[in-house]
Amino acid sequence: MLDNCKKEVLRIAQTAERKGLCITNSGNFSMRDVETGYILITPSHVSRENMSYDDICVLDIDGNIIESKNGRKPSSEVLMHLEIYKMREDINGIAHTHSKFATAFAVMNKPIPPIVYEASAYGGTINVSPYRSPGTKELAESIKDTLSKSNATLLQSHGAVSLGSDIEEALLNSFYVEDVAEIYWRILAVTGGKEPPIISQVEFDKWKYPDQILFK
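Start counting the sequence shown at 17; every next residue gets the next number (our numbering).
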């Protein structure tokens, strides 16, 4: 069931690894099918290089397994994914990555400020959710504050989580998070730790498509 959705989750997961957002067996990806409400998520301990779409697991919002071919278990971070979907009805895609620059700030417990306009895509400042053991209910609970309005957070000493209205947007936000993290890292290296100016939420809010561009 939901073969097209499974193929999309697999494509996103493999793209994330190929582009360096995570390495084999790290990170996890999911989407919510808007028609059934089912959650499709990558399996635990299956290399994405060898993963097929039949390895993608299907659950309901309460974590009951609807379909799991090949004897696969859903990602060990499934509780976090489910908690996010319960909390955010506007979210239908989640990408949990271990990209290097974003994870470095997660280890330092240091938020990433909105220093370039791309930060508007995920909501401005990327805050840090407090450390909790991976895969636990406590971790799932720990992200509630940081993701109640923002579409990105760092997990202290762990990695990053990006959200989207669909799984494609969640992946795009993961790229934005890592890009801004790298820019911020390089600025701090050049300035000896001096903080750069940030872009205010007012500036983000007032942006609109330029009226001067006309279509015939």
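In this text, a Cβ means the ideal position worked out from N, Cα and C, and glycines have one as well.
Are the CB atoms of Tyr54 and Asp19 nearer to each other than 8 Å?
No, these two residues do not count as a Cβ contact at 8 Å.
Starting from His112, follow its DSSP beta bridges and name the residues at the other end.
Its beta-bridge partners are Asn44 and Val177.
Between which two residues does the alpha helix (DSSP H) containing Val193 stretch?
In the DSSP annotation of this structure, the continuous segment of the alpha helix (DSSP H) that includes Val193 starts and ends at Ile183 to Thr207.
Could you tell me which of Ile159, Ser190 and Leu204 sits nearest to Thr31, measuring between CA atoms?
Ranking the options by Cα distance to Thr31, first place goes to Ser190.
Taking buried to mean at least 16 other C-beta atoms within 10 Å of its own C-beta, is Gly43 buried or exposed?
It is buried - the Cβ of Gly43 has at least 16 other Cβ atoms within 10 Å.
Close Cβ partners of Ser166 (< 6 Å) along its chain, the five nearest in sequence each way excluded:
Excluding residues within five positions, the ones whose Cβ falls inside 6 Å are Gly139.
In angstroms, rounded to a whole number, what distance separates the CA positions of Glu184 and Arg64?
Distance from the CA of Glu184 to the CA of Arg64, rounded to the nearest whole angstrom, comes to 17 Å.
Compute the distance between the beta-carbons of Arg153 and Leu95, then report whether it is under 8 Å.
Reading the sequence as shown, one finds Lys at residue 153 and not Arg. Pairing Lys153 with Leu95 gives a Cβ-Cβ distance under 8 Å.
Round the Cβ separation of Ser164 and Arg148 to the nearest angstrom and send it over; I've been treating them as touching at under 8 Å.
About 17 Å separates the two Cβ atoms, so there is no contact after all.
With 16 other CB atoms within 10 Å as the buried threshold, where does Glu24 fall?
Buried is the call here.
Starting from Thr58, follow the alpha helix (DSSP H) in both directions and report where the run begins and ends.
Careful: Thr58 lies outside any alpha helix (DSSP H) and carries neither H nor E.
Check whether the stretch 77 to 89 and the stretch 106 to 113 are in contact - that is, three or more C-beta pairs closer than 8 Å.
Judged by Cβ distances under 8 Å, the stretch 77 to 89 makes no contact with the stretch 106 to 113, as fewer than three pairs qualify.
Given a threshold of 16 other Cβ atoms within 10 Å of its Cβ, counted over all protein chains shown, does Val206 qualify as buried or as exposed?
By the 10 Å Cβ count, Val206 comes out exposed.
Of the residues Leu171, Ile77 and Glu105, the one placed nearest Val123, counting alpha carbons only
Considering only alpha carbons, the answer is Leu171.
Our contact map puts Ser178 next to Val193 with C-beta atoms below 8 Å; I'd like the distance itself, whole angstroms only.
Yes, they are in contact, since the Cβ atoms of Ser178 and Val193 sit about 6 Å apart, within 8 Å.
Kindly indicate the opening and closing residues of the beta strand (DSSP E) around Ala168.
Looking at the DSSP string, the run of the beta strand (DSSP E) that includes Ala168 is Ala168 to Leu171.
Would you kindly report the start and end of the unbroken beta strand (DSSP E) that includes Val74?
Note, Val74: beta strand (DSSP E), Cys73 to Leu75.
Would you kindly work out how many angstroms separate the C-alpha atoms of Phe220 and Asp71, rounded to a whole number?
Those two C-alpha atoms are separated by around 40 Å.
Would you grab the beta carbon distance between Ile131 and Ile214 for me? Rounded to a whole angstrom, and I think it's under 8 Å.
Contact holds; Cβ gap of about 6 Å.
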